[in-house]
Amino acid sequence: MGAITRKLGQQIKERRKALGYQSQQALADETGVLRKRISEMETGRYTGRITDLQRVLATLGLEMEFRVKSRPTLDDLDVLFPAEDDE
43 MGAITRKLGQ
53 QIKERRKALG
63 YQSQQALADE
73 TGVLRKRISE
83 METGRYTGRI
93 TDLQRVLATL
103 GLEMEFRVKS
113 RPTLDDLDVL
123 FPAEDDE
């Protein structure tokens with residue numbers, strides 16, 4: 043999976059441990075989400091239901107935020123793709 047899912051998984055794992063859930067099973071028992079699914083979330087391999095992810099995030103006091111991705115400006119494009127004569 044991508045960098046975003048790995049980062050999300052890392053945040054879930056760190057928060058789980060910070061709140062005293064010493065095992066994935068302890069969090070699974072609290073949320074009603076299978077331990078296997080929590081493992082998938084923490085390793086960035088989760089492709090399951092958004093409701094399970096929301097339940098885990100809510101239990102851990104985390105939330106996801108979505109926003110419209112802005113378009114790059116011409117200046118951004120110049121930095122990303124310099125003209126050949128600029129090199």
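Taking the numbering used here, the leading residue of the sequence shown gets 43, the next gets one more, and so forth. C-beta: ideal position from N, C-alpha, C; glycine also.
Candidates G62, V98, Q64, Y63, of which the one nearest R79 by Cα: As a position in the sequence shown, residue 79 is number 37, starting the count at 1. Residue V98 is the option with its Cα nearest to R79.
Beta-carbon proximity list for T101, same chain, < 8 Å, skipping 5 on both sides: For the purposes of this step, residue 101 is taken as residue 59 along the sequence shown, with counting starting at 1. Closer than 8 Å at Cβ, skipping near neighbours: L69, E72, T73.
M83 in three-state terms, based on DSSP: Residue mapping note: residue 83 aligns to position 41 of the sequence shown, counting from 1. Helix.
Backbone secondary structure at G50 - three-state DSSP: Taking the first residue of the sequence shown as position 1, residue 50 is located at position 8. Per the sequence shown, the amino acid found at residue 50 is Leu instead of Gly. When secondary structure is reduced to three states using DSSP, L50 falls in the helix class.
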